[in-house]
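Colleague:
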């Protein structure tokens with residue numbers, strides 16, 4: 001679909017760019033000519049895939065190609081496509097491979113490898129510093145590093161050190177919170193906490209269930225209820241359980257509330273009788289519970305495994321309550337995205353990029369003169385030196 | 001020489017940008033060098049359009065939206081007809097983005 005002139009100009013531009021950045025690639029510790037050729041190869045391949053450059057014209061036949069080994073560069077398979085359009089897919093797959101090796105160290109449990117030492121940290125179970133120390137020692141071949149954090153000044157793993165330090169810090173923080181908690185089980189839980197701060201809220205709840213500790217009040221007066229409830233001993237957990245359960249009898253709810261509320265100082269106005277009415281409406285009361293539980297479900301695939309104290313009915317409750325919410329959210333997002341996509345497609349499908357010399361308007365009649373433009377219209381790329389436009393508004 | 005980044009949105013510019021993105025995320029290319037390549041593309045594309053392209057185009061259509069912001073004109077045309085050389089193209093909706101040519105000569 002590419003017009004011959006457009007294709008020729010594009011090829012010229014590609015060559016021009018490649019030639020003029022060659023110095024940057026070769027000198028000053030640049031990545032070298034190989035990478036430059038790879039860049040050119042991928043770029044041209046994409047252009048051919050887009051249909052704006054005629055494949056046969058390809059540079060390998062190359063009139064202006066000053067590159068000593070134009071089509072050579074067999075280091076990467078990327079140059080293969082020069083010869084035929086069918087093989088376009090192959091280099092694409094190859095291009096996707098390079099990121100993979102970067103990630104492969106993740107599951108590698110060997111503490112000896114330099115990469116593994118960094119990536120191992122998250123997988124280590126209870127003793128975080130150990131793998132770091134091992135890895136650091138082996139990597140530096142100095143065996144006795146006083147502390148894993150001392151890696152930073154070492155010139156060798158310079159690029160990775162900041163990463164590992166960050167990871168450690170994050171884990172130390174997470175661990176502090178865990179230590180306050182009842183047991184070691186949150187080690188796995190830690191991961192999820194890191195992924196979202198909202199989990200912390202959930203941890204507080206867990207600790208209350210276990211009777212683990214006194215958490216400073218940080219988020220408003222609501223938790224005062226918890227403390228009072230907790231002061232009542234086992235009733236505290238009953239209270240929470242009741243919040244989580246739709247099946248609990250209303251009378252029990254009211255009884256608990258009567259006990260608790262009688263001891264809570266009223267801070268935000270008179271105690272409304274309507275509140276009892278709200279309580280008698282299960283949906284409203286459960287809604288408060290769902291606020292916490294929503295985070296469980298969203299952030300943790302299997303909350304019950306991670307938190308022994310979380311009662312099983314919670315999950316059931318969530319699914320029941322979330323049925324009301326999720327369809328709304330998902331559908332809304334999807335619809336919006338779809339609309340946006342469609343809109344953008346409409347807008348960008350045909351596009352003219354140019355410079356304007358003059359734009360004038362007489363009443364509703366617009367005239368403009370453009371120059372040096374690239375048009376992408378009906379899947380064709382058309383270049384122009386000058387264009388005149390006459391539009392009625 | 002001043003250049004526009006305008007042409008990066010063209011097919012050739014997008015292909016280059018995608019390529020650079022991939023190579024940077026692969027680690028084969030540093031982001032700084034990728035930027036340099038893009039800047040060079042801005043220059044080369046502008047020069048090529050000035051020196052190598054001689055064709056002229058006439059555009060007509062219904063102006064649906066016009067906008068002039070930060071020295072950039074944006075037109076959205078409906079039922080536009082592009083006449084060039086001996087051919088013409090008709091599109092239901094097209095967007096024209098044009099930078100001020102005087103900014104380049106400064």
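Chains as they are written, first to last, in UniProt numbering: chain A, 1 to 393; chain B, 1 to 106. C-beta: ideal position from N, C-alpha, C; glycine also.
Starting from residue 372/A, find everything on chain B with Cβ-Cβ shorter than 8 Å and list it in chain order.
Modeller: Simply 46, 49, 50, 53, 101.
Colleague: For residue 12/A, which option in 375/A, 354/A, 363/A, 47/A has the closest C-alpha, if you only look at C-alpha atoms?
Modeller: Closest option to residue 12/A, Cα to Cα, is 47/A.
Colleague: Leaving out five residues before and five after residue 34/B in sequence, what residues of the same chain have Cβ atoms less than 6 Å from its Cβ?
Modeller: Correct list, in chain order: 20, 24.
Colleague: Establish whether the CB of residue 24/A and some CB of chain B are separated by less than 8 Å.
Modeller: Yes, contact with chain B.
Colleague: Could you tell me whether the segment 29 to 43 of chain B touches the segment 92 to 100 of chain B, where touching means 3 or more Cβ pairs closer than 8 Å?
Modeller: No contact exists between the segment 29 to 43 of chain B and the segment 92 to 100 of chain B.
Colleague: Inspect the beta-carbon positions of residue 46/B and residue 11/B and report whether they are closer than 8 Å.
Modeller: Contact: no.
Colleague: Starting from residue 88/B, find everything on chain A with Cβ-Cβ shorter than 8 Å and list it in chain order.
Modeller: Those within 8 Å of residue 88/B in chain A number zero; the least Cβ separation is about 10 Å.
Colleague: Taking the continuous alpha helix (DSSP H) assigned at residue 60/B, which residues delimit it?
Modeller: Per DSSP, residue 60/B belongs to no alpha helix (DSSP H); it is in the beta strand (DSSP E), 56 to 69.
Colleague: Helix, strand or coil for residue 379/A, going by three-state DSSP, please let me know.
Modeller: Reduced to three states, the DSSP call for residue 379/A is coil.
Colleague: If we cut at 8 Å on Cβ distances, does residue 105/B have a partner in chain A?
Modeller: It does not; no Cβ of chain A falls within 8 Å.
Colleague: Terminal residues of the continuous beta strand (DSSP E) containing residue 88/B?
Modeller: That run of the beta strand (DSSP E) goes 87 to 100.
Colleague: Taking just the CA atoms, how far does residue 10/A sit from residue 53/B?
Modeller: If you take the alpha carbons of residue 53/B and residue 10/A, they lie about 11 Å apart.
Colleague: Using a Cβ-Cβ distance cut-off of 8 Å, determine whether residue 378/A contacts chain B.
Modeller: Yes, because at least one Cβ of chain B sits closer than 8 Å to the Cβ of residue 378/A.
Colleague: Please list, in chain order, all residues of the same chain as residue 389/A whose beta carbon is under 6 Å from its beta carbon, the five residues on each side excluded.
Modeller: If we look at residue 389/A and ignore the five residues flanking it on each side, its Cβ neighbours are 368.
Colleague: If you follow the alpha helix (DSSP H) that residue 16/B is in, where does it begin and where does it stop?
Modeller: Where residue 16/B is concerned, the enclosing alpha helix (DSSP H) stretches over 11 to 26.
Colleague: Can you tell me which of the three DSSP states residue 363/A falls into?
Modeller: Note: residue 363/A maps to coil in three-state DSSP.
Colleague: In whole angstroms, what is the alpha-carbon distance linking residue 55/B and residue 387/A?
Modeller: Each residue's alpha carbon lies about 9 Å from the other.
Colleague: What span of residues does the beta strand (DSSP E) with residue 74/B cover, start to end?
Modeller: Looking at the DSSP string, the run of the beta strand (DSSP E) that includes residue 74/B is 72 to 84.
Colleague: Return helix, strand or coil for residue 30/A, following the three-state DSSP convention.
Modeller: Correct three-state label for residue 30/A: coil.
Colleague: Rounding to the nearest angstrom, what Cα-Cα distance links residue 393/A and residue 14/A in this structure?
Modeller: Their backbone Cα atoms lie some 39 Å apart in a straight line.
Colleague: Pick out whichever of 16/B, 72/B, 81/B has its Cα sitting closest to the Cα of residue 359/A.
Modeller: Closest by alpha carbon: 72/B.
Colleague: Under DSSP, the alpha helix (DSSP H) around residue 44/B begins and ends at which residues?
Modeller: Residues 31 to 52.
Colleague: Using only the alpha-carbon positions, how far apart do residue 49/B and residue 64/B sit?
Modeller: When rounded, the distance between both Cα atoms is 28 Å.
Colleague: Report the three-state DSSP secondary structure of residue 5/A (helix, strand or coil).
Modeller: DSSP places residue 5/A in helix when its eight states are reduced to three.
Colleague: Between the C-alpha atoms of residue 57/B and residue 350/A, what's the straight-line distance to the nearest angstrom?
Modeller: Their Cα atoms are separated by approximately 15 Å.
Colleague: Apply the 10 Å Cβ neighbour rule to residue 87/B and answer buried if 16 or more other Cβ atoms are within range, or exposed otherwise.
Modeller: So residue 87/B ends up on the exposed side.
Colleague: In the structure shown, what three-state DSSP assignment does residue 356/A receive?
Modeller: Three-state result, residue 356/A: strand.
Colleague: In chain order, what residues of the same chain have a beta carbon less than 8 Å from the beta carbon of residue 5/B, not counting five sequence neighbours either side?
Modeller: Cβ neighbours of residue 5/B beyond the five flanking positions: 38, 42.
Colleague: Which residues in the same chain have their Cβ closer than 8 Å to the Cβ of residue 31/A, if we skip the five residues on either side of it in sequence?
Modeller: Once the five neighbours on either side are set aside, the close Cβ partners of residue 31/A are 25.
Colleague: Specify the secondary structure class of residue 104/B as computed by DSSP and reduced to three states.
Modeller: Correct three-state label for residue 104/B: helix.
Colleague: Would a check of beta-carbon distances place residue 392/A closer than 8 Å to chain B?
Modeller: Cβ-Cβ to chain B under 8 Å: yes for residue 392/A.
Colleague: Mind reading off the beta-carbon distance from residue 377/A to residue 89/B? Whole number of angstroms is fine, and I expect it under 8 Å.
Modeller: About 5 Å separates the two Cβ atoms, so the contact holds.
Colleague: Going by DSSP, which residues form a beta bridge with residue 392/A?
Modeller: Residue 392/A is bridged to 365/A, 62/B.
Colleague: Pull the bridge partners of residue 374/A from the DSSP assignment, please.
Modeller: DSSP output for residue 374/A lists 353/A, 383/A as bridge partner(s).
Colleague: Exposed or buried, what is residue 17/A when buried is set at 16 or more other beta-carbons lying within 10 Å of its beta-carbon?
Modeller: Counting Cβ neighbours within 10 Å, residue 17/A comes out buried, since at least 16 surround it.
Colleague: With 16 as the cutoff for other CB atoms within 10 Å, does residue 391/A come out buried or exposed?
Modeller: It counts as buried.
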